[in-house]
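Numbering (this note's numbering), first residue to last: -8 to 181.
Built from N, CA and C at the ideal position, the CB exists for glycine as well.
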């Protein structure tokens, strides 16, 4: 049997051990950069989906059918006067409904434009809100001019390498939103 001091002085295979340690660290670092680069891609794709969704919602039929009658009044003195901020209720709809007069076909038309930019997007992650912010006038033939907000909720960054190598869990993305002024609000686009 060899003494312990001889074992400590032995250098055979030291280069392989050093290379193994260095390669493990280098591989983890490189794959970490790839994963975080992919996380930035997911962030940008989700941001673009929100932007496109807001634009689509501002020129498409509203997700809430009740919005069309929000500028109607029986008070003749109000006709033609500016609508005040908060003059009609806020309609906030998700892919599961949850708002007065929810129209699934109108929601799907907006959602289908968004999912092109972020394929992992689910209808439950999308919220479209119509609110009165003092634009338009009572009795307007095209209905009110709402402020349209599209937001994404409950999405996570997905890691591929780091979750397998280091046990990273998916990280929740912060809520993203885009707000625009409603325009024509009547879509003839399929």
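Assumed close pair residue i, residue j - CB separation to whole angstroms, cut-off 8 angstroms
i: residue 116; j: residue 54; result: Actually they do not touch by this definition, with Cβ atoms about 15 angstroms apart.
i: residue 104; j: residue 43; result: 5 angstroms
i: residue 77; j: residue 130; result: Contact doesn't hold; Cβ gap of about 18 angstroms is too wide.
i: residue 143; j: residue 41; result: 6 angstroms
i: residue 83; j: residue 124; result: With 8 angstroms as the limit, residue 83 and residue 124 do not qualify as a contact, their Cβ atoms being about 14 angstroms apart.
i: residue 176; j: residue 37; result: Not quite, the Cβ-Cβ distance comes to about 25 angstroms (not below 8 angstroms), so this is no contact.
DSSP state of residue i mapped onto helix, strand, coil
i: residue 44; result: helix
i: residue 107; result: coil
i: residue 11; result: helix
i: residue 154; result: helix
i: residue 23; result: helix
i: residue 145; result: coil
Residue-chain proximity (residue i, chain D), Cβ-Cβ < 9 angstroms
i: residue 26; result: Note that chain D does not occur in the displayed structure, where there is just one protein chain.
Spatial distance of residue i from residue j (CA atoms)
i: residue 149; j: residue 135; result: 40 angstroms
i: residue 51; j: residue 19; result: 47 angstroms
i: residue 173; j: residue 63; result: 17 angstroms
i: residue 122; j: residue 112; result: 24 angstroms
i: residue 158; j: residue 141; result: 33 angstroms
i: residue 190; j: residue 21; result: Nothing can be reported for residue 190: it is not among the residues displayed for the chain, which extend from -8 to 181.
i: residue 162; j: residue 118; result: 20 angstroms
i: residue 139; j: residue 107; result: 20 angstroms
Member of the options whose CA lies at the smallest distance from the CA of residue i
i: residue 80; options: 87, 91, 34 and 73; result: 91
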